[in-house]
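Quick note: the sequence shown uses this note's numbering, first residue 308, plus one each step. Just so you know, even glycine gets a beta-carbon here, dropped at the ideal spot from N, CA and C.
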Amino acid sequence: MGFNMSKSKEASVTEKSPMTDGCINNDQSGGGDTCSKTQDGRDETSFRSSVARLSICEDEKSKAKILGRLQRKDSDDIIVNEKGLSDQKAGSKRRRRRSSAVAGPSLGNLKKTLEEQHSSSSLNVPKRKKKSSQPVSLSISQKALQKRISIKDLRDLVLYIFQDSNNAPGWIQVGNRASMNKMIVLFAPGLQADDFEKNKKHAWGDQTENPRATSLISLDDEELLDQIQRVPISAPGSKSTLYSAYNSFINVGLSKKEKEEKRQALNQKVITLNDLIMRPDQLLENEYPIHQETPGLSEQEKQILSKTHAECEATWKSTKNFQHNGSHTFALDCEMCMSKDGLVLTRVSLVDFDCNLVYDSLVKPDVPIVDYLTRYSGITEEKLENVTVTLEDVQDKLIQLVSAEDILIGHSLQSDLNVLKLRHPKIIDTAVIFEHKAGPPFRPALKYLASEYLSQTIQNSEGLGHDSFEDARACMELTKLKIVNGLAFGVGVNTENLFQRVARNGVKSLCLNDYAPRYTELISSRNASEVNLRCENDGEIFDNIRGSLKEYDLFVGRLRELEFAREYAEPPKGVKKEDVTTARERFVQRLKELYRASPPSTVIVVCSGTGDTRDWAKIMKELNTMNKDEKFEERKKRESEIQAAVYKARDAIGLLMTKKTEQEHHQE
308 MGFNMSKSKE
318 ASVTEKSPMT
328 DGCINNDQSG
338 GGDTCSKTQD
348 GRDETSFRSS
358 VARLSICEDE
368 KSKAKILGRL
378 QRKDSDDIIV
388 NEKGLSDQKA
398 GSKRRRRRSS
408 AVAGPSLGNL
418 KKTLEEQHSS
428 SSLNVPKRKK
438 KSSQPVSLSI
448 SQKALQKRIS
458 IKDLRDLVLY
468 IFQDSNNAPG
478 WIQVGNRASM
488 NKMIVLFAPG
498 LQADDFEKNK
508 KHAWGDQTEN
518 PRATSLISLD
528 DEELLDQIQR
538 VPISAPGSKS
548 TLYSAYNSFI
558 NVGLSKKEKE
568 EKRQALNQKV
578 ITLNDLIMRP
588 DQLLENEYPI
598 HQETPGLSEQ
608 EKQILSKTHA
618 ECEATWKSTK
628 NFQHNGSHTF
638 ALDCEMCMSK
648 DGLVLTRVSL
658 VDFDCNLVYD
668 SLVKPDVPIV
678 DYLTRYSGIT
688 EEKLENVTVT
698 LEDVQDKLIQ
708 LVSAEDILIG
718 HSLQSDLNVL
728 KLRHPKIIDT
738 AVIFEHKAGP
748 PFRPALKYLA
758 SEYLSQTIQN
768 SEGLGHDSFE
778 DARACMELTK
788 LKIVNGLAFG
798 VGVNTENLFQ
808 RVARNGVKSL
818 CLNDYAPRYT
828 ELISSRNASE
838 VNLRCENDGE
848 IFDNIRGSLK
858 EYDLFVGRLR
868 ELEFAREYAE
878 PPKGVKKEDV
888 TTARERFVQR
898 LKELYRASPP
908 STVIVVCSGT
918 GDTRDWAKIM
928 KELNTMNKDE
938 KFEERKKRES
948 EIQAAVYKAR
958 DAIGLLMTKK
968 TEQEHHQE
């Protein structure tokens, strides 16, 4: 089932009638309208007479004869080029029409004229076949093969195909975009030139002349081989810097007018704390534990939560609604250490609206600590030696202090609430209400926000770790600053999320990667236009796309196996790294299966995003161990080395293909 949206206005072909050469009203001579003959020898009166005879003629044979003569003459003067524009036929000596000239009726308007005069006429005028009934087609230009396209060019293709923009990309010719059924974009870092071989079926030229000259090694599907086109891509960055390809893809740059409209929309009202409370979809996206009284939940979702909470281990608790004096807005921060089963709570701090410390306690975990993470937590074995406060003690104390009607503020507070095993309905997250300077999906660090907006230095005790009281206080002050300055404060107005933008045209998107929220019954119950889904491996990404083809229109997946196999990135703990050959063969096989499962006129794009990033990553790892001044000097010394590494890292590859329709199969 394709996406539901209005069709774009395709470029129409204007069929011009033979021009007159000086049909004028001669007022000085006192004569009437005088029309000279047209260039093909037929005068205007004769043309009008033919149309008139055709409109009153009852003999079908005579009608066909007259219409045939008119059509032959009109087609002699007009041809249609590949772009759908009307051109005058070579050799025609038609002169420029003067402003006083009057054109006769064209064949393009003939049917309309006859219907207006004789609505009951049985004249059968042939219609052009609508473009939307033809399959979608893609053809990469020679310019793109020689110059490289950008990630922005790929994103603009998505916007054009989904009819968000009528500005056709210059690097590719898109035919019949209204026929497009689905679009699948796969980021596959680790894909490189070594993964391609000569395509025997399209052996002429090389990859700078023919986008089908090479194809994936081990790909044995004839139809897919025939459809794949390869295009060189330049990853985002500069001579000495590499940026995120995925981030560049999902953030759409706004025009000056759009920026101003966004700024005005954000600043149109005075806001309160309630305007900053996270919606259920934001809580789910950020993997917060969901309280049953969260504002915005439907009755169905509350029933699902009731069942889920009943099945949870007894150590989880939820805040309760009660009346109390004093502050009704709090900020919370926790410090954690590492056990063999994951992070455990070792300190908690709570401040009120005036930044007064309400509660602060060290916590003794009920499991052994394997790493105190002192550099971050500030916790040592000595500090916890005589502590007797347990996790349950902390939960009970917080439930006594904070009502379910109160607002709880924190920075990426889901981490704190999950380690506390505590649910709360009204959350403000400073990592959400303020944005990273590079845009989503990146999150700003609390240290950066405090420095940028509060002119405070936090988390700067060398080797002594963070202070949860200091961090909680910074969160409260940042939130107050947001209230004073409005929704536009601390967020970017230069870009817009790709999925939110196409959603305005009725496009439903599914984004699949290894860091999105885990799939839950609550997520599945929400009929959202944009869904993020966590997948543990590439196989799950391909499986979920195939299983969701009827539900969504745009799919964006981030693959990792080739990236890990080529050591462009370090795999997470517990993830097995395959050899390059195995990872490549799996990718090719899964791509083939996805192509086969996709409906006709599906567009599939594969993008490596970057080239070989190993040299760049090695240099950055070394530089990141230095302080700011040392890093600056070292970058200057190694400038040529850095530029060479960046050049290699920006050398990316793209593949484009369209799924054939039954009509195309029959034509072969």
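- Residue 460 and residue 880 have their C-alpha atoms some 35 Å from each other.
- For residue 850, the enclosing alpha helix (DSSP H) begins and ends at 845 to 854.
- With contact defined as three or more Cβ pairs closer than 8 Å, the segment 473 to 480 and the segment 540 to 556 are not in contact.
- Secondary-structure assignment with DSSP links residue 862 through a beta bridge to 491, 817.
- The beta carbon of residue 763 sits closer than 7 Å to the beta carbons of 757, 781 from its chain, once the five residues preceding and following it are set aside; these are given in chain order.
- Taking one beta carbon from each stretch, the segment 698 to 713 and the segment 818 to 825 have fewer than 3 pairs nearer than 8 Å; the two do not touch.
- In the structure shown, residue 595 falls within a coil segment according to DSSP collapsed to helix, strand and coil.
- Rounded to the nearest whole angstrom, the C-alpha separation of residue 908 and residue 961 is 19 Å.
- Under the three-state reduction of DSSP, residue 774 is assigned to coil, being neither helix nor strand.
- Per DSSP, the beta bridge partners of residue 559 are 803.
- DSSP places residue 783 in the helix class (H, G or I) of the three-state scheme.
- Between residue 887 and residue 524, the alpha-carbon positions lie close to 12 Å from each other.
- When the Cα atoms are used, residue 952 and residue 681 turn out to be separated by approximately 35 Å.
- Counting along the chain, the unbroken alpha helix (DSSP H) around residue 725 starts and ends at 720 to 727.
- Residue 456 sits away from residue 487, with the two beta carbons spaced by 9 Å or more.
- Boundaries of the beta strand (DSSP E) harbouring residue 642: 636 to 646, taken from the DSSP string.
- Distance from the CA of residue 544 to the CA of residue 760, rounded to the nearest whole angstrom, comes to 27 Å.
- Taking all protein chains in view, the Cβ of residue 476 is crowded by 16 or more other Cβ atoms within 10 Å, so the residue is classified as buried.
- Under the three-state reduction of DSSP output, residue 589 falls in the helix class.
- With fewer than 16 other Cβ atoms from the protein chains shown falling within 10 Å of its own Cβ, residue 631 counts as exposed.
- Relative to residue 529, the option among 752, 957, 899, 792 whose CA is nearest is 899.
- Straight across, the Cα-Cα distance linking residue 936 with residue 665 is about 40 Å.
- Minimum Cα-Cα distance from residue 619 among the listed residues 605, 603, 598 corresponds to 598.
- For residue 957 and residue 917, the gap between their C-alpha atoms comes out near 5 Å.
- Rounded to whole angstroms, the gap between the alpha carbons of residue 912 and residue 464 is 10 Å.
- With contacts defined by Cβ atoms closer than 9 Å, residue 868 and residue 839 do not form a contacting pair.
- Boundaries of the alpha helix (DSSP H) harbouring residue 611: 606 to 618, taken from the DSSP string.
- Taking every protein chain shown into account, the CB of residue 858 has fewer than 16 other CB atoms within 10 angstroms, so this residue is exposed.
- In the DSSP assignment, residue 481 falls within the unbroken beta strand (DSSP E) covering 479 to 482.
- Rounded to the nearest angstrom, the gap between the Cα atoms of residue 594 and residue 725 is 9 Å.
- Per DSSP, the beta-bridge partners of residue 504 are 522.
- Inter-residue distance for residue 444 and residue 816 is about 22 Å (C-alpha atoms, whole angstroms).
- Collapsing the DSSP output to three states places residue 933 in coil.
- Three or more pairs of CB atoms, one per stretch, sit closer than 8 Å, so the segment 643 to 657 contacts the segment 670 to 678.
- Distance between residue 626 and residue 711, taken at the CA atoms: about 5 Å.
- Relative to the Cα of residue 636, the nearest Cα in the group 941, 734, 471 belongs to 734.
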